[in-house]
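Novice: Throughout, my numbering is defined as the position within the sequence shown, counted from one, plus 21.
We treat Cβ as the ideally placed atom computed from N, Cα and C, and that holds for glycine.
Keep in mind that this is a model prediction, so the values were computed, not measured.
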Amino acid sequence: MNVLSDLLEIQSTSGDESSMREFLLNYINQRKDSWNVCPEIHFGTQLHDCLLLKFGNPRGAVFAHMDTIGFMSRYQNQLIPIGGPEVENGTYLIGEDKFGPIRCRVFEEDGNLFHDFGRKITPGTRLSFEQNVKISENFIQAAYLDNRLGIYNALNLCENLEDGWVVFSTFEEHGGGSVPAILEFIQKTSPIHFALISDITWITDGVLHDEGVVVSIRDKHIPRKKFLDKIIDLAAESNIPYQLEIESSGSSDGREVQFSPYFIDWCFIGAPEDNVHSPKEKVSLSDLDAMLKMYVYLMARL
Numbered sequence: 022m023n024v025l026s027d028l029l030e031i032q033s034t035s036g037d038e039s040s041m042r043e044f045l046l047n048y049i050n051q052r053k054d055s056w057n058v059c060p061e062i063h064f065g066t067q068l069h070d071c072l073l074l075k076f077g078n079p080r081g082a083v084f085a086h087m088d089t090i091g092f093m094s095r096y097q098n099q100l101i102p103i104g105g106p107e108v109e110n111g112t113y114l115i116g117e118d119k120f121g122p123i124r125c126r127v128f129e130e131d132g133n134l135f136h137d138f139g140r141k142i143t144p145g146t147r148l149s150f151e152q153n154v155k156i157s158e159n160f161i162q163a164a165y166l167d168n169r170l171g172i173y174n175a176l177n178l179c180e181n182l183e184d185g186w187v188v189f190s191t192f193e194e195h196g197g198g199s200v201p202a203i204l205e206f207i208q209k210t211s212p213i214h215f216a217l218i219s220d221i222t223w224i225t226d227g228v229l230h231d232e233g234v235v236v237s238i239r240d241k242h243i244p245r246k247k248f249l250d251k252i253i254d255l256a257a258e259s260n261i262p263y264q265l266e267i268e269s270s271g272s273s274d275g276r277e278v279q280f281s282p283y284f285i286d287w288c289f290i291g292a293p294e295d296n297v298h299s300p301k302e303k304v305s306l307s308d309l310d311a312m313l314k315m316y317v318y319l320m321a322r323l
């Protein structure tokens with residue numbers, strides 16, 4: 022779990038993913054020669070802070086977004102949200118501006134957000150939840166399991182993946198935007214016909230802890246049934262614990278795959294969590310284990 026611990030400590034709010042990209046690039050360069058297939062690594066100015074790995078002859082891709090929700094300083098002691106953070110008064114935030122490190126508390130008053138730092142914070146400074154990781158026998162609890170666990174899953178997949186793209190995307194938590202450009206790059210370089218979204222979903226009345234990884238039949242958007250049927254058949258065949266999700270709201274990088282100009286099937290597959298977008302996101306370790314195993318199984322067979 023050491024790499025997951027490192028991932029959880031990196032600040033990477035939407036639009037500010039360069040630190041996460043650099044960490045992943047260093048990790049990949051250290052590990053790639055021990056992987057079953059050494060990937061082509063694509064990054065640079067033309068891809069902004071995105072990072073793409075091409076293994077063998079891809080048929081599909083796995084997308085894991087690198088960004089998190091958070092906050093941005095405005096004027097005086099005002100904050101505005103990045104994405105949709107859940108705010109509990111008194112929660113500690115951390116960050117840094119040109120004057121030094123920042124640790125402050127966030128408060129909501131009359132629908133507006135404020136901080137209590139002892140000086141003015143430079144406008145535009147990004148702030149994140151202070152991390153407090155708790156790992157028990159059955160659960161992990163921390164800020165930003167969404168989507169650090171999705172990244173962790175993608176890195177685990179890299180160990181033995183023979184054919185496929187592994188994509189680390191940006192901006193997902195605050196409106197998206199990078200996936201269409203990524204898909205254009207992929208389709209010109211080594212085209213695919215399906216995408217799996219390595220992300221974290223919600224505990225609901227029909228999705229529970231310790232019931233396995235979630236295969237999402239729909240959220241706000243609806244993937245193609247023929248592809249979903251294939252995924253579900255393979256999941257049943259795998260004997261890996263899984264559960265099905267049917268929701269009317271929520272979204273992911275899958276939306277941008279569906280809205281792209283390419284006929285690419287997609288499916289969101291991920292572990293469910295409690296306390297979504299809070300500093301106390303909570304995921305069952307058995308569900309995470311099922312997620313890791315399911316991606317390895319599916320990417321070898323789709």
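1. Does the pairing of the region 85 to 95 with the region 103 to 120 give three or more beta-carbon distances under 8 Å?
2. Can you give me the start and stop residues for the alpha helix (DSSP H) that F120 sits inside?
3. Can the beta-carbon of G1 be found less than 8 Å from the beta-carbon of F215?
4. Going straight from the alpha carbon of L170 to that of A311, what length do you get?
5. From the DSSP output, read off the bridge partner residues of G81.
6. How do the region 220 to 240 and the region 287 to 298 stand: do at least 3 beta-carbon pairs fall below 8 Å, yes or no?
7. Just tell me which of D88, R126 and Y113 has its CA closest to the CA of C71.
8. Measure the C-alpha to C-alpha separation of A85 and F192 and round it to an integer number of angstroms.
9. How should P122 be labelled, buried or exposed, when 16 other C-beta atoms within 10 angstroms of its C-beta is the threshold for buried?
10. Buried or exposed for Y96, going by 16 or more other Cβ atoms inside 10 Å?
11. Whose C-beta lies closer than 6 Å to the C-beta of E151 among residues of the same chain, with five residues either side of it excluded?
12. For K241 and E268, what's the separation of their Cα atoms in angstroms?
13. From which residue to which residue does the alpha helix (DSSP H) around I172 run?
14. Per DSSP, which one or two residues make a beta bridge with H86?
15. For Q32, count neighbouring Cβ atoms within 10 angstroms of its own Cβ and tell me buried if that reaches 16, exposed if not.
16. Given that a residue counts as buried once 16 or more other Cβ atoms are within 10 Å of its Cβ, and exposed if not, what is P79?
17. May I have the straight-line CA-CA distance separating G132 from Q99, to the nearest angstrom?
18. K301 to D54, Cα distance in whole Å?
19. In this structure, does DSSP put Q99 in helix, strand or coil?
20. In chain order, what residues of the same chain have a beta carbon less than 8 Å from the beta carbon of N348, not counting five sequence neighbours either side?
21. Within the continuous alpha helix (DSSP H) that includes M93, where are the two ends?
22. On the DSSP letters alone, give me the boundaries of the alpha helix (DSSP H) that N23 sits inside.
Specialist: With the structure as the only source:
1. Contact check between the region 85 to 95 and the region 103 to 120: three or more CB pairs, one atom from each, fall below 8 Å, which counts as touching.
2. For F120, no alpha helix (DSSP H) segment is defined, and its DSSP state is neither H nor E.
3. The question about residue 1 has no answer here: the residues shown for the chain are numbered 22 through 323.
4. Rounded to the nearest angstrom, the gap between the Cα atoms of L170 and A311 is 12 Å.
5. According to DSSP, G81 bridges with F215.
6. With the cut-off at 8 Å, the region 220 to 240 and the region 287 to 298 touch.
7. Relative to the Cα of C71, the nearest Cα in the group D88, R126 and Y113 belongs to D88.
8. Their backbone Cα atoms lie some 11 Å apart in a straight line.
9. With fewer than 16 other Cβ atoms inside 10 Å of its own Cβ, P122 counts as exposed.
10. Y96 should be labelled exposed.
11. Sequence-distant partners of E151 (beyond 5 residues in either direction) whose C-beta falls short of 6 Å from its own C-beta, in its chain, are Y113 and I115.
12. Going from the Cα of K241 to the Cα of E268 covers about 7 Å.
13. Taken as a continuous stretch (DSSP letters only), the alpha helix (DSSP H) holding I172 covers L166 to C179.
14. DSSP lists S190 as the beta-bridge partner residues of H86.
15. Q32 comes out buried.
16. Buried is the call here.
17. Rounded to the nearest whole angstrom, the CA to CA distance from G132 to Q99 is 12 Å.
18. Put simply, the backbone Cα of K301 is about 36 Å away from that of D54.
19. Here Q99 sits in strand by DSSP.
20. What the structure shows of the chain is the stretch from 22 to 323, and residue 348 is not part of that stretch, so it cannot be assessed.
21. Unbroken run through M93 is the beta strand (DSSP E), G91 to S94; no alpha helix (DSSP H).
22. For N23, the enclosing alpha helix (DSSP H) covers residues N23 to L29.
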